[in-house]
Structures are given as C-alpha cells and as structure tokens.
Amino acid sequence: MLKDFAKLETFLIVVRERSFSKASAKLGISQPAVTQQIKYIEEYLDTKIIERKKNGVKLTKDGEKLLTIALRLERAIVTAEKETMKIIKKDFSFNIGASFTIGNYILPNCLGNIKEMIKNDVFVKIDSSDNIIEALIEKKIDLALIESPIFKDNIVYREWVEDEFVLFSNSPLPKTVKKEDLLTFSWICREWGSNTRRIINETLDDVGIDCTTFDIKGVVSSSTGVKHTVLKSPKFPEESPKPTVAILSKYVVQDDLVNNSLHESKIRGCKLKRKLYLAYLKDRKNDAFVDTVSSCLMCNKNLG
DNA sequence: TATGTATCGACAACGGTTCG
DNA sequence: CGAACCGTTGTCGATACATA
Numbered sequence: 390m391l392k393d394f395a396k397l398e399t400f401l402i403v404v405r406e407r408s409f410s411k412a413s414a415k416l417g418i419s420q421p422a423v424t425q426q427i428k429y430i431e432e433y434l435d436t437k438i439i440e441r442k443k444n445g446v447k448l449t450k451d452g453e454k455l456l457t458i459a460l461r462l463e464r465a466i467v468t469a470e471k472e473t474m475k476i477i478k479k480d481f482s483f484n485i486g487a488s489f490t491i492g493n494y495i496l497p498n499c500l501g502n503i504k505e506m507i508k509n510d511v512f513v514k515i516d517s518s519d520n521i522i523e524a525l526i527e528k529k530i531d532l533a534l535i536e537s538p539i540f541k542d543n544i545v546y547r548e549w550v551e552d553e554f555v556l557f558s559n560s561p562l563p564k565t566v567k568k569e570d571l572l573t574f575s576w577i578c579r580e581w582g583s584n585t586r587r588i589i590n591e592t593l594d595d596v597g598i599d600c601t602t603f604d605i606k607g608v609v610s611s612s613t614g615v616k617h618t619v620l621k622s623p624k625f626p627e628e629s630p631k632p633t634v635a636i637l638s639k640y641v642v643q644d645d646l647v648n649n650s651l652h653e654s655k656i657r658g659c660k661l662k663r664k665l666y667l668a669y670l671k672d673r674k675n676d677a678f679v680d681t682v683s684s685c686l687m688c689n690k691n692l693g
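Mapped onto this note's numbering, the consecutive letters of the first sequence carry residue numbers 390 to 693.
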C-alpha cells in the first residue's frame, strides 16, 4: 500500500481539509472515490484511521501514527520529484493561462518556484476564464487558473485557493460597517458581466442588500483600474462628502493595505468569498510538467 | 424537517496481461 | 499484433445518518 502513494495522498488531503467532500474538490475527483480510498487503507491496515464526526473528521490513534509515516513519505517524494525533473531534458516553455486577478496578483508570487521546479521557462497568458478554458481545450496552454469552473468533459477542475473580497477606500473607514452604511459611500465598480461584480451582487443580494441602489461614481473594466481610480479619488472628509469605496479581491489590494495607501473595512454579517480553480486536460494528468506544476501550486505556499 | 455528508451498488473507462 | 479478459479507479444515483 505504501508503494501506492495516491491513497496516502488522499488521506493527507482529507486530514488537512478535515472533510471527505472538501478533499474530493481539492483532488478533482468525486467524493465516493475519496471514501473508497480511505476504506481501502482501513481494510489494508485492518483498523479505523479516521473518526467520521459531526463537525469534520478526527484521526484515531492509529490514524495519527499513519499520518507521521505519510508526512515522511510526502517529504521524500517532493524531493525525489525535484530530482527526477532534472532528468527530463526537454527544453520548452510551460504555458499557464490565468484570469486577470490571478495572473496579475497571485501568480507572480509563485512563478519563481515553478520555474525552479520544472527547470524551464513559464509563460503566463492572461485572459477571461472562458477564453482560458478555450485555450486549454485547444492545447495552447498547459494549465489553467480560473475564477469559476466552466464545466466541460475531459477537464479536471481542482479547488485551488480561497479568495475573499474586501471593502476598501483611500480614506480611513471604521473597522466594521453595517449593511445600511454601504448606501452612504461613493462606489467604483467592475462592469456588469464581470465575474467579480456578479459574485459581489449575488452575495450581497443574499443578505438583503440591493447593489443597484448604490451611488456608483465609476465603472472600470479591470481590477487594477478600479484600485487606481479609488486611490486617486478625492479624500473623505476633506475633499469629498462621501468616502469612495470599492470591493476587490484581497490579493489585489493587500500591498496597499499594508502600506496604508488604502484602508479596509469589514461588512458586518457578510463574508464575500470565492474559490479559485486549477484546471488541466484529463489526458494530460500524467504529464510530468502538468503534474509537477499542479502539485507545486496546490501545496499553496508563497501566495502572499 | 432541511441540509450536508458518508456510504453503497451498478456501471464505465482505462491500462496491463495473456493467448492465439 | 489484436481480441479477450481482468483489476483498478473513477462516476452517478440512491440512501442512510447526524445535525442545525
């Protein structure tokens, strides 16, 4: 069983995600498949390794023991993978397709790692999620990083990282604001039809906030454009009677929040979250480069 | 009672092996 | 070589079960 690391990898993801179904989304396989693999391990070891509990899963004593073994194996495999990549002398450039926010704000943090890992150049093509998936099907790119899965056969979608939208302004805001306060701001928005605008609208709608009643000062068709518009707007209270605000991915504004050129506020009782996805063609899941880059991205380090 | 989650069973796709 | 077979691994739909 140890020779077949796939099952132990599933076990590790279940432990990390504390859930069978979340693990299945991370792995890009169905939830019954995860159950089967864990069951296989339990039958093989003739012992229960995971307690299925109400709020997530918990390891048994034997499960803990298996975990330390699996972690040790995982580390060994990662270093072995690095070494085996050196054998492949193929000289080419690996093409990643990414949607705007990912390509501009998240990927730069891990590109170096990926290049180092596969010993080759990496090109990033930035476009809308739809066009990225199109390019993936046409084999113009090797891997896609997108904001929402556009379900197609022969493509594996894996939940990659969780993103959160944050409310921010170029003037200081209270730590938290109430829903009603949103009507007292001047807004800069993405255009209708953008993924960002859609998610924000839907989420706010769910908690009873109608975005169409906002005082919208500007509509800008890119995250970067929205951010810069807010940065350059008149400041509250000196230059404007209302603070100018926008909602964007935390990855877009994190640097500006740290250096205080922008200020964040939380909306009480409202979490604006979304999942970002990694996708590749099913028949390329055994490609050394697709496989290595995916695991490099999935291990989720250096995302800033 | 509605919802989320784990499990079961039937079945399909795929890869490897065997054999003519 | 290719047809037949077999094991593995996955999907889907149904169901059981616990929890809010």
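Just so you know, even glycine gets a beta-carbon here, dropped at the ideal spot from N, CA and C.
Residue j beta carbon less than 8 Å from that of residue i
i, j, result
"Thr-681", "Ile-507", "yes"
"Lys-655", "Lys-564", "yes"
"Tyr-666", "Val-679", "no"
"Val-641", "Ser-610", "no"
"Leu-500", "Leu-534", "no"
"Ala-412", "Val-403", "yes"
"Lys-606", "Thr-633", "yes"
"Asp-451", "Ile-438", "yes"
"Phe-400", "Thr-424", "no"
"Lys-568", "Val-596", "yes"
"Ala-487", "Ile-521", "yes"
"Thr-592", "Leu-661", "yes"
"Asn-584", "Ser-518", "yes"
"His-617", "Ser-558", "no"
"Asn-498", "Cys-685", "no"
Extent of the continuous beta strand (DSSP E) run through residue i
i, result
"Asp-644", "First-last for Asp-644: 639-647, but that is the alpha helix (DSSP H), not the beta strand (DSSP E)."
"Leu-667", "662-670"
"Ile-535", "532-535"
"Asn-543", "Careful: Asn-543 lies outside any beta strand (DSSP E) and carries neither H nor E."
"Ser-517", "First-last for Ser-517: undefined, no H or E at that position."
Spatial distance of residue i from residue j (CA atoms)
i, j, result
"Lys-415", "Val-619", "35 Å"
"Phe-512", "Ile-544", "21 Å"
"Leu-532", "Leu-455", "33 Å"
"Leu-556", "Ile-636", "5 Å"
"Glu-527", "Ile-577", "36 Å"
"Leu-562", "Phe-554", "16 Å"
"Ser-560", "Val-615", "15 Å"
"Thr-468", "Cys-688", "14 Å"
"Arg-407", "Val-550", "16 Å"
"Asp-510", "Ile-485", "11 Å"
"Thr-436", "Gly-658", "43 Å"
"Asn-649", "Phe-625", "15 Å"
"Lys-674", "Ser-419", "16 Å"
Bounding residues of the alpha helix (DSSP H) (the contiguous stretch that carries residue i)
i, result
"Cys-685", "677-687"
"Leu-500", "500-507"
"Lys-396", "394-406"
"Lys-564", "Taken as a continuous stretch (DSSP letters only), Lys-564 belongs to no alpha helix (DSSP H), as it is neither H nor E."
"Ser-419", "Element bounds for Ser-419: n/a, residue is neither H nor E."
Those runs of the alpha helix (DSSP H) which lie wholly inside the region 422-463 and span at least 4 residues: none
Residue ranges of each beta strand (DSSP E) within the region 577-660, 3 or longer: 604-608, 633-638 and 652-656
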